[in-house]
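Chemist:
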Amino acid sequence: MKRILIIGIGAGNPDYITMQAVKALNRTDVFFLMDKGQSKDKLIDLRRQICETYITEPGYRFVEADCPERVRGDIDYTTAVQDLNRDKQQTFERMINEEMADGEVGAFLAWGDPALYDSTIRILQAILASGRCVFEFEVIPGITSVQALAAQHKVALNRIGKSIEITTGRRLAAGQASDADTLVVMLDAEDSYRNVADRDLDIYWGAYLGTPDEILISGKVSEVAEQIERVRKAARLENGWIMDTYLLRKP
Numbered sequence: 001m002k003r004i005l006i007i008g009i010g011a012g013n014p015d016y017i018t019m020q021a022v023k024a025l026n027r028t029d030v031f032f033l034m035d036k037g038q039s040k041d042k043l044i045d046l047r048r049q050i051c052e053t054y055i056t057e058p059g060y061r062f063v064e065a066d067c068p069e070r071v072r073g074d075i076d077y078t079t080a081v082q083d084l085n086r087d088k089q090q091t092f093e094r095m096i097n098e099e100m101a102d103g104e105v106g107a108f109l110a111w112g113d114p115a116l117y118d119s120t121i122r123i124l125q126a127i128l129a130s131g132r133c134v135f136e137f138e139v140i141p142g143i144t145s146v147q148a149l150a151a152q153h154k155v156a157l158n159r160i161g162k163s164i165e166i167t168t169g170r171r172l173a174a175g176q177a178s179d180a181d182t183l184v185v186m187l188d189a190e191d192s193y194r195n196v197a198d199r200d201l202d203i204y205w206g207a208y209l210g211t212p213d214e215i216l217i218s219g220k221v222s223e224v225a226e227q228i229e230r231v232r233k234a235a236r237l238e239n240g241w242i243m244d245t246y247l248l249r250k251p
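Under UniProt numbering, the residue at position 55 of the sequence shown is numbered 55, and the numbers go up by one with no gaps.
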């Protein structure tokens, strides 16, 4: 029986790797890497660095495949993501069938945690449901950008007796109403913090968390929104991509 591990590797700092993840890395025969283009080579390089750092015995191998891209523009977001995951499913299924022998262990290294805004679990479940591929799989949790953001800003995610909500920039831009004391926003491609009604909210923003490129900005939305937008745009231009998260909190 083939076995697949989905290993959470944290938000960018190799030191975020848990002992459970280290043990999982050392059980793996083949690592599946999804190439997202030259601008994101650092993401592939980090995965290789983690393996070189923590795996004690040689013999493991890497299998790379081009990562399908989500269709953008005038298309329903949910439909676009479903189409993307279908394309990824075909790629994953091919790699598992063609690049693994029976009895081997394969692994996908998930940025952050596999259970938060990552589709690998859903994709593997869909492959199993199709019946075209047989394997068992395990999920190893990792440190998320949400945890890294709070740690780097030295704030607790929740306040005593108060609520916290994790949402997306897309929902915030659409006017999502929330009674949560603290709102964590991920996957915001449109700088949606600029449009919050309460400009007195505190914002804790971070990009490339845990990496040498890390950027942190905090303050009142009214005071730092323009700075975040300017810094974010420059960082994206310089690196070719950006991965950022922020926390909004009532004063």
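From the three backbone atoms N, C-alpha and C, an ideal C-beta is built for every residue, glycine too.
Could you check what DSSP says for Val22 in three-state terms: helix, strand or coil?
Modeler: As a first step, residue 22 must be located in the sequence shown, where it is residue number 22. In this structure, Val22 counts as helix in the three-state DSSP scheme.
Chemist: Can you list, in chain order, the stretches of the beta strand (DSSP E) that have 3 or more residues and sit fully within the segment 160-246?
Modeler: Here the runs fully enclosed are 164-168, 182-186, 202-207, 215-220.
Chemist: Within its chain, find whatever has a CB closer than 6 Å to the CB of Leu116; leave out the 5 residues flanking it on each side and keep chain order.
Modeler: Position 116 of the sequence shown, counted from the first residue, corresponds to residue 116. Hits under 6 Å: Thr144.
Chemist: Relative to the C-alpha of residue 291, which candidate in Asp66, Leu149, Ile75, Ala80 has its C-alpha closest?
Modeler: Outside the modelled stretch of the chain, which goes from 1 to 251, sits residue 291, for which no answer is possible.
Chemist: Measuring only the C-alpha atoms, how far is Leu183 from Asp83?
Modeler: Counted from its first residue, the sequence shown places residue 183 at position 183. Counted from its first residue, the sequence shown places residue 83 at position 83. Answer to the nearest angstrom: the Cα atoms are 29 Å apart.
Chemist: Assuming Phe92 contacts Tyr60 under a Cβ cut-off of 8 Å, what Cβ separation, rounded to an integer in Å, is found between them?
Modeler: Here the question's residue 92 lines up with position 92 in the sequence shown. Here the question's residue 60 lines up with position 60 in the sequence shown. Not quite, the Cβ-Cβ distance comes to about 18 Å (not below 8 Å), so this is no contact.
Chemist: Taking only the alpha-carbon atoms, compute the straight-line gap between Phe108 and Ala180 and give it to the nearest angstrom.
Modeler: Residue 108 sits at position 108 when you count from the first residue of the sequence shown. Residue 180 sits at position 180 when you count from the first residue of the sequence shown. The alpha-carbon atoms of Phe108 and Ala180 are separated by roughly 34 Å.
Chemist: In the segment 106-166, which residue ranges form an unbroken alpha helix (DSSP H) of at least 4 residues, counting only runs that do not cross its ends?
Modeler: Listed in chain order, the complete alpha helix (DSSP H) runs (minimum 4 residues) inside the segment 106-166 are 120-130, 145-153.
Chemist: Taking the DSSP output, what are the residues bridged to Glu64?
Modeler: Position 64 of the sequence shown holds residue 64. Answer is Leu33.
Chemist: Assign Ser75 to one of two classes, buried (16 or more other C-beta atoms within 10 Å of its C-beta) or exposed (fewer than that).
Modeler: Taking the sequence shown and counting its residues from 1, the one referred to as residue 75 is at position 75. First, the amino acid is wrong: residue 75 is Ile here, not Ser. Answer is exposed; the Cβ neighbour count stays below 16.
Chemist: Just verifying my parser: in three-state terms, what is the DSSP assignment at Arg3?
Modeler: On the sequence shown, residue 3 is found 3 positions in, with the first residue counted as 1. Three-state DSSP puts Arg3 in a strand.
Chemist: Which same chain residues end up closer than 6 Å to Leu248 when comparing Cβ atoms and leaving out the 5 residues on each side of it in sequence?
Modeler: In the sequence shown, the residue the question calls residue 248 occupies position 248. Counting only Cβ-Cβ distances below 6 Å, and skipping sequence neighbours, we find Leu183, Leu201, Ile203.
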